[in-house]
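Protein chains in written order, with the working numbering: chain A, 1 to 100; chain B, 1001 to 1135.
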């Protein structure tokens, strides 16, 4: 399953709930304000790093750029995708769940 | 009428009708319109010659992140307007240290010079205000 998350992890528990319910082999795509979760050195970095043991985590490049986040500031192991990559991820998984 | 908030005099007003107005910005810049609206009202308050301070805490600190390029997504790059704050007579721009550190950021990541303030001091600063505008 592909999970999309669009809320800041510092304001809402959407990402936390997503990671809690995701199954090994699932992918998580961080979009809109959720891309802040991809930053290294934050109070949620450890939680995201732990998730990387069983899940793929990606962040949407255009949403990172809009918010001034350089890819060099991302947590190791978190990938970036463009809109085509977003579509590829959606096609690769049987279903998509949006955590709003 | 926005102006009436700043022009009425009451017990809390300082001499000359000038009030200490604190704008409390707690939201990330592009997911909602709060940040933009807050800046707009802060500039209006300054135009009414009020004693304006801007505070950025929680996700509000992301509003000041350098190198934002939201135009590609069709959003306005209002972070540029922060550079004009001194022209509006707004020099009191505070960023809460704890919020910045929790998000892996430092003052070098911000697009304008700010006054870094810890949560305790910010609490005391809030006690001195006449009016709050929360975004």
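From the three backbone atoms N, C-alpha and C, an ideal C-beta is built for every residue, glycine too.
Using a CB distance cut-off of 9 Å, residue 36 of chain A counts as an interface residue toward chain B. By alpha-carbon distance to residue 1112 of chain B, the top candidate from B:1129, B:1092 and B:1126 is B:1092. Within chain B, no residue has its beta carbon less than 8 Å from that of residue 80 of chain A; the closest one is some 15 Å off. If you check the CB distance, residue 1063 of chain B and residue 1018 of chain B do not come in under 9 Å. Our two residues, residue 2 of chain A and residue 77 of chain A, have alpha carbons roughly 17 Å apart in a direct line.
When the beta-carbon positions are compared, residue 1116 of chain B and residue 1097 of chain B come within less than 9 Å of each other.
A distance below 9 Å separates the beta carbons of residue 10 of chain A and residue 44 of chain A. Sequence-distant Cβ neighbours of residue 39 of chain A in its own chain, meaning closer than 8 Å and more than five residues away, are 45, 69, 73, 74 and 75. Residue 1022 of chain B counts as buried, since no fewer than 16 other beta carbons sit within 10 angstroms of its beta carbon. In this structure the stretch 1065 to 1082 of chain B does not lie against the stretch 1125 to 1134 of chain B, because fewer than three pairs of beta carbons, one per stretch, are closer than 8 Å. Linking residue 1054 of chain B to residue 1067 of chain B through their CA atoms gives a straight-line distance of about 20 Å.
The residues 5, 37, 38 and 59, in chain order, have a CB closer than 6 Å to that of residue 30 of chain A in the same chain once the five nearest residues on each side in sequence are set aside.
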